[in-house]
Structure formats: C-alpha cells, structure tokens
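FYI, numbering that gives the first Met the number 0 numbers position 264 of the sequence shown as 263, with every residue one higher than the one before it. All C-beta atoms in this analysis are idealised placements derived from N, C-alpha and C, irrespective of residue type, glycine included. Structure record follows, encoded as structure tokens.
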Amino acid sequence: MKRVVSGVKPTGDLTLGNYLGAMKRWGEMSADPELECFLFVPNLHALTVRPDPEELRRNSRAAVAWLLAAGADHEHTYLFMQSQVPAHSELTWILNNYATVGELNRMTQFKDKSQKLGAEGQLVGLYDYPVMMAADVLLYDADEVPVGEDQKQHVELTRDIATRFNNVHGETFKIPKPTVQTEGARIMDLQDPTRKMSKSDADLSGCILLEDDEKVIRKKIMRAVTDSGSQVAAAADKPAVTNLLVIMSVLSGKPIDELEQKYAGRGYGDFKEDLAELVVRTLKPLQRTYTQLMKPGNDQIDKALEHGWWRASELANAKLGQVKELLGLM
Ligand code: TYM
Numbered sequence: 000m001k002r003v004v005s006g007v008k009p010t011g012d013l014t015l016g017n018y019l020g021a022m023k024r025w026g027e028m029s030a031d032p033e034l035e036c037f038l039f040v041p042n043l044h045a046l047t048v049r050p051d052p053e054e055l056r057r058n059s060r061a062a063v064a065w066l067l068a069a070g071a072d073h074e075h076t077y078l079f080m081q082s083q084v085p086a087h088s089e090l091t092w093i094l095n096n097y098a099t100v101g102e103l104n105r106m107t108q109f110k111d112k113s114q115k116l117g118a119e120g121q122l123v124g125l126y127d128y129p130v131m132m133a134a135d136v137l138l139y140d141a142d143e144v145p146v147g148e149d150q151k152q153h154v155e156l157t158r159d160i161a162t163r164f165n166n167v168h169g170e171t172f173k174i175p176k177p178t179v180q181t182e183g184a185r186i187m188d189l190q191d192p193t194r195k196m197s198k199s200d201a202d203l204s205g206c207i208l209l210e211d212d213e214k215v216i217r218k219k220i221m222r223a224v225t226d227s228g229s230q231v232a233a234a235a236d237k238p239a240v241t242n243l244l245v246i247m248s249v250l251s252g253k254p255i256d257e258l259e260q261k262y263a264g265r266g267y268g269d270f271k272e273d274l275a276e277l278v279v280r281t282l283k284p285l286q287r288t289y290t291q292l293m294k295p296g297n298d299q300i301d302k303a304l305e306h307g308w309w310r311a312s313e314l315a316n317a318k319l320g321q322v323k324e325l326l327g328l329m
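See below:
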C-alpha cells in the first residue's frame, strides 16, 4: 500500500485555492483503497503567526471538518493534529542538524513572508518551518506528498534532507515524491492574478473562502478582474481569464480548449455567470457537511482524530525510535 502525507495549516478560513490545489485531490486519494492517507493539521506550524489560542483551536477543528467534507473520511485515511504526535517536534530538532542555513535561505516562501514582515517578524520558527515539514513527511515513510505549487520547494528540501541523513546513517527515510497536479496547482487572486489566492491576505475580495455564502461567491466572481479584449481564452497576456478558465476546468473536469470553444464569441458575462454557478454548486454540499460537523454535540471530528492519532502515533514513534537508536540517543 502506498502512503500519502499532506497537511493544511489552520491559520484562517480555507480558500478555493486550497480546495482546488490540494484538498479536492486528497478527497479522491482517500477513496482509493490502494492508498493510506495521512492528512494532518499542522497547528505547530501555525504558531509562526502567533494566533489567538481560541481561534487556533477553532480553526484547527474547522480544518478537520473541511477535510472530512472534502471526502477524506475513509477507513485507511488518518486525520490528526500535528501537536497530538510529539514525534514531529522531536524529529524537527534532529533534522535541524541535516539542513543548512544556505538551504533555508533559498526558500522562496520564507523570503516572501519575511520581506513583508520586517525584522520583528523574522522568527526562527518561520525560518525553520521547512525542516518541520520534512519531519512531518519523513516520519511516515511517505511515497507521495500531494501539494500545490507553492509547497513543492519545501518537499524538494525534504528529499535533500532525507538523502543526506541516509548517506550518513544508512537507509532510514523513504525519499518522498512531491506531486503537483498539472492544472489548479496555483489558483490566483481574482482581483490580482499575479498573486496567489491566499487566506492570509487582508483584502479578501479576490479570494473565495470555502465558507463564503452563495451571494458572496457570485459577487466575487462577477467582480473578478478580466483582461483586455472580450474573448474567453487562456493566454500568457490574459492571466485573469486564464485563472478563471483553470478554476472552471478543474471543477468541471473539462479541458480548457473545450471551454474556450464553448464560450467563443459569448463575452465574459455569460462565462462568469456559469463559473459562479459551478463554484456555488460544488461548494454547497461541502458547506452543508461542514456545518453539520461543526455543530456542538457532533462528535465525528473527535472520532476521526482518535482514529487518525492512533495510527499516526504508531508509525511516527517507531520511526523516531529508529532514528534515536541510530544517533546514540537511546
Ligand atoms: P497551506 O495550508 O498553505 O495550504 C494547503 C495546501 O493548499 C495548497 N494551496 C494552493 N493550491 C493552489 N492554489 C492556491 N492558491 C493555493 N493555496 C494553497 C498548498 O500548496 C497546500 O498543498 N506548509 C503547508 C502545510 C504543511 C505540509 C506539511 C504540507 C505542513 N507540513 C507536510 C505537506 C507536507 C502549508 O502551509 O500549506
């Protein structure tokens, strides 16, 4: 059985970008009986923004609810909170000795974030973030790490760290493969198609949240910026329309050229209306499940976490024990 590991950070409301770039596929993988899926909520990673504790607790449960709503609810899928399995923290410290400052300096996400935050925001936790990601993945001998484009560099670093460790101590970690889907790997902001659609943006008018209601979704899509001209076509000089076409293509399963033909000569208005309808229709059942799961008294989230925690701890503790033995720590 192949193992899949991935996670979604509980730093705020999840977006259509998270869903299309990662969670939709995780739901599909969860249904595959050939795969064992470890999908976790990296709540320790979330500390880099020093969240309000109550908010972190709520957002972490919400992330589990969205994972379940996206279809990650099969017997051989294990959902858990990163902080429930202390081996993640312990292996991070160990792997810090197998990653270099030079490598971490090259991480584009750190460069982008720390530039925005200034000196005060350049926390060691933010810098070390990719090493913890390596621990997250290597504890489970993952074959595959399905992520959006922005996380690929981190998984490549994971491979380098694992290879370095194996070279020194012998075969210990499986070298995981990052898998980034060909379409939808980078959904862009609807108001600024040069920026990734992101939950950490202050201005959410170009960002569809999974929790947005029908009216808000339609408004955001109808007001999405478009490019010059009136043709619904994907092209390098039409980044806004290309982004909308990608969203429609991933949601409908239809290739972009087929969609271009369908909307030839019809202008942006019709296209946007159909897209809004499709997004609303896709998210509605997910939102319904999410709302059910988050209702006080519903214990499905706790049950899923218990099921996941048990299996995750078993594997993670065994791997950590092996590493500690090798290093003379046990
Ligand atoms: P996070 O929480 O930022 O995002 C979760 C997943 O959603 C993808 N994603 C997108 N895909 C396409 N278009 C977008 N606009 C978009 N925004 C987000 C991300 O690529 C990601 O796959 N560091 C990770 C969480 C993590 C993790 C790990 C992942 C911690 N440890 C170990 C894999 C393995 C993160 O912050 O993802």
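Query, Result
"8 Å Cβ cutoff met for Ser-5 and Ala-30", "no"
"Sheet register partners of Phe-79 (DSSP bridge)", "Phe-39"
"Per-residue burial, Trp-92 [other beta carbons within 10 Å of its own, 16 or more giving buried]", "exposed"
"Span separating the alpha-carbon of Lys-294 from that of Val-84", "26 Å"
"Outcome for Ser-88 when other beta-carbon atoms lying within 10 angstroms are tallied against a minimum of 16", "exposed"
"Closer than 7 Å: Ala-311 CB and nearest the ligand TYM heavy atom", "no"
"Beta-carbon proximity list for Ser-312, same chain, < 6 Å, skipping 5 on both sides", "Val-84"
"Asp-111 beta carbon near the ligand TYM (any heavy atom closer than 7 Å)", "no"
"Supposed contact pair Ile-220 and Lys-271 - C-beta distance, whole angstroms, cut 8 Å", "6 Å"
"Opposing strand residues paired with Gly-6 [DSSP bridges]", "Phe-39"
"Cβ-Cβ distance between Thr-10 and Asn-58 below 8 Å", "yes"
"Check: Met-132 C-beta below 7 Å from any heavy atom of the ligand TYM", "yes"
"From Trp-25, Leu-314, Ile-207, residue whose alpha carbon lies closest to that of Leu-282", "Ile-207"
"Supposed contact pair Leu-292 and Leu-67 - C-beta distance, whole angstroms, cut 8 Å", "6 Å"
"Pairwise C-alpha distance: Ile-246 and Lys-253", "10 Å"
"Inter-residue spacing [alpha-carbon to alpha-carbon] between Glu-257 and His-73", "34 Å"
"Met-106 CB to nearest heavy atom of the ligand TYM below 7 Å", "no"
"Near the ligand TYM: Ile-93 beta-carbon under 7 Å from a heavy atom", "no"
"Counted within 10 angstroms of its Cβ, other Cβ atoms place Glu-143 as buried (16 or more) or exposed", "buried"
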